[in-house]
Amino acid sequence: MVLGEDSEYASCALTGGPRGHFPREPMRWLGAMMVRDAVRRKESAEDKEKKPFVIDKLLAKLAGPAGKADKV
18 MVLGEDSEYA
28 SCALTGGPRG
38 HFPREPMRWL
48 GAMMVRDAVR
58 RKESAEDKEK
68 KPFVIDKLLA
78 KLAGPAGKAD
88 KV
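Going letter by letter, the sequence shown gives residues 18 to 89 in the working numbering.
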């Protein structure tokens, strides 16, 4: 790569950088904190046998299977 040679390692998927479009770091961090806190609030409400806020349920879905077993 540094020498400009074309080899099997230069065309490896790990050397090409990220494929998708991700927001810049401050926005990515803010979104991650929002999702993390939504998961915590949702699970806390469920532990207390209360109904979680709709926005917390929607944001928690972005985390996928994280922590406790999610209810369907």
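Even glycine gets a Cβ: it sits at the ideal position worked out from N, Cα and C.
The structure presented is a predicted model; accordingly, all values stated were derived computationally and were not measured.
CA-to-CA distance, residue j to residue i, given in whole angstroms
i, j, result
"ARG45", "PHE70", "23 angstroms"
"THR32", "MET51", "31 angstroms"
"PRO82", "GLU66", "20 angstroms"
"GLY37", "ALA27", "19 angstroms"
Close Cβ partners of residue i (< 6 angstroms) along its chain, the five nearest in sequence each way excluded
i, result
"ARG58", "ASP73"
Neighbourhood of residue i by C-beta, 8 angstroms cutoff - its chain only, sequence neighbours within 5 removed
i, result
"GLU22", "none"
"ALA9", "This structure does not reach residue 9, given that the chain is present from 18 up to 89, and the question cannot be answered."
Coil, strand or helix - residue i by DSSP
i, result
"ASP23", "coil"
"SER28", "coil"
"GLY37", "coil"
"GLY81", "coil"
"LYS67", "coil"
Any non-hydrogen atom of the ligand ADP closer than 7 angstroms to residue i Cβ
i, result
"ARG53", "For the ligand ADP, the structure offers nothing, since it holds no ligand at all."
Neighbourhood of residue i by C-beta, 7 angstroms cutoff - its chain only, sequence neighbours within 5 removed
i, result
"LEU76", "MET51, VAL52 and ALA55"
"SER24", "none"
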